[in-house]
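Let me begin by presenting the structure, written as structure tokens, before commenting on it.
Numbering (the working numbering), first residue to last: 165 to 489.
What follows is the structure, given as structure tokens:
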């Protein structure tokens with residue numbers, strides 16, 4: 165049962181009591197001021213601390229610095245208000261905290277931050293194994309691009325145009341593999357950096373059934389997470405002018421949280437297309453979580469989106485879990 169050191173903050177304590185947190189089975193140690201928080205930390209050595217930046221006595225900034233110096237592995241999350249002065253920003257940068265939360269926040273956002281800091285997977289970030297099959301056997305190839313429209317691969321073995329292939333997607337949650345038939349529509353010979361020969365292949369899906377389309381969409385475009393207080397859409401992959409979200413429209417009712425931590429790339433036309441989608445969706449209001457600064461800057465140029473949404477948190481730059489950069 166993980167210990168969490170938490171400030172005596174009514175909003176934090178209320179969210180930590182929400183049903184969402186039951187799966188984490190947290191044991192809370194509540195501190196009323198900075199001195200009490202430091203004493204509890206020295207006694208219990210919790211793996212995570214949720215602290216008000218402006219605590220009475222020793223401030224959250226000072227606590228973060230002390231905790232990280234004493235136990236670098238402890239994850240420190242500071243809670244700050246919406247309006248930050250330049251001096252507060254300087255303190256945030258200097259104290260060494262692992263994450264910053266802006267109050268007020270939702271229970272879902274707090275859950276995401278706590279779960280990630282404890283090493284739990286982000287909801288909607290389930291892992292998949294992918295491989296290419298040729299005549300039912302694994303092909304010595306890597307997938308460089310995967311979407312609901314097709315797949316691009318680099319194969320160490322020759323592949324002819326028109327060859328019959330299959331994309332095997334295996335979720336690590338044990339739900340079983342999905343084999344998606346594909347056909348090579350173009351091939352191009354290339355030379356690897358080591359001097360060996362390889363084949364770059366573009367393949368399409370001749371017949372894509374609903375199960376395969378759903379798996380591909382979850383892996384490369386979006387996933388709707390139903391276990392939260394509001395509709396939560398985890399966006400993935402690339403935002404370009406070719407990205408289409410029309411199939412999301414029927415689910416976009418009421419207030420919606422968009423989680424953008426897994427968006428890998430975006431261009432200005434893609435952001436504009438996304439804003440046009442939001443204008444057409446019957447959404448009462450929405451929040452963006454973990455978006456990049458470029459997204460916000462691009463979206464702010466589109467008149468349709470100004471004033472309708474709230475940016476709740478930033479992730480910039482992105483972290484790639486595959487290469488750890």
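Cβ atoms here follow ideal geometry from the backbone N, Cα and C, with glycine treated the same way.
Since we're looking at a predicted model, the values are computed, not measured.
In chain order, what residues of the same chain have a beta carbon less than 7 Å from the beta carbon of residue 405, not counting five sequence neighbours either side?
-> 433, 434, 437
Contact check, residue 228 vs residue 261, beta carbons under 9 Å = Judged by their CB atoms, residue 228 and residue 261 are nearer to each other than the 9 Å cut-off.
At a Cβ threshold of 9 Å, is residue 394 touching chain E?
-> Checking the listed chains, one finds no chain E in this structure; it contains a single protein chain.
Within the same chain, show all residues whose beta-carbon is closer than 6 Å to that of residue 447, passing over the 5 residues directly before and after it, in chain order.
-> 416, 420
For residue 181, count neighbouring C-beta atoms within 10 Å of its own C-beta (all shown protein chains included) and say buried if the count is 16 or more, exposed if not.
-> exposed
In this structure, does DSSP put residue 261 in helix, strand or coil?
-> coil
For residue 386, does the count of other Cβ atoms within 10 angstroms reach 16, so buried, or fall short, so exposed?
-> buried
Could you check if residue 202 is buried or exposed, using at least 16 other CB atoms within 10 Å of its CB as the buried criterion?
-> buried
For the beta strand (DSSP E) containing residue 161, list its first residue and its last residue.
-> It is not possible to answer for residue 161, since the shown part of the chain is limited to 165 through 489.
So, residue 316 versus residue 364, is the Cβ gap smaller than 9 Å?
-> yes
Enumerate, from N- to C-terminal direction, the unbroken alpha helix (DSSP H) stretches of 4 or more residues contained entirely within the segment 172–203.
-> 174–180
Could you work out which residue in 294, 301, 320 is closest to residue 310 when comparing CA atoms only?
-> 294
Three-pair Cβ contact test at 8 Å for the segment 215–232 versus the segment 270–283 | no
Distance between beta carbons of residue 171 and residue 215, contact taken as under 8 Å = 5 Å
Between residue 230 and the rest of its own chain, which residues show a CB-CB distance below 7 Å, the 5 nearest in sequence each way excluded?
-> 202
In this structure, does DSSP put residue 314 in helix, strand or coil?
-> strand
Could you pull the start and end residues of the alpha helix (DSSP H) that residue 375 belongs to?
-> 374–384
Could you tell me the boundaries of the beta strand (DSSP E) in which residue 417 lies?
-> Element bounds for residue 417: n/a, residue is neither H nor E.
Taking all protein chains shown into account, do 16 or more other C-beta atoms lie within 10 angstroms of the C-beta of residue 319, making it buried, or fewer, making it exposed?
-> Buried: at least 16 other Cβ atoms inside 10 Å.
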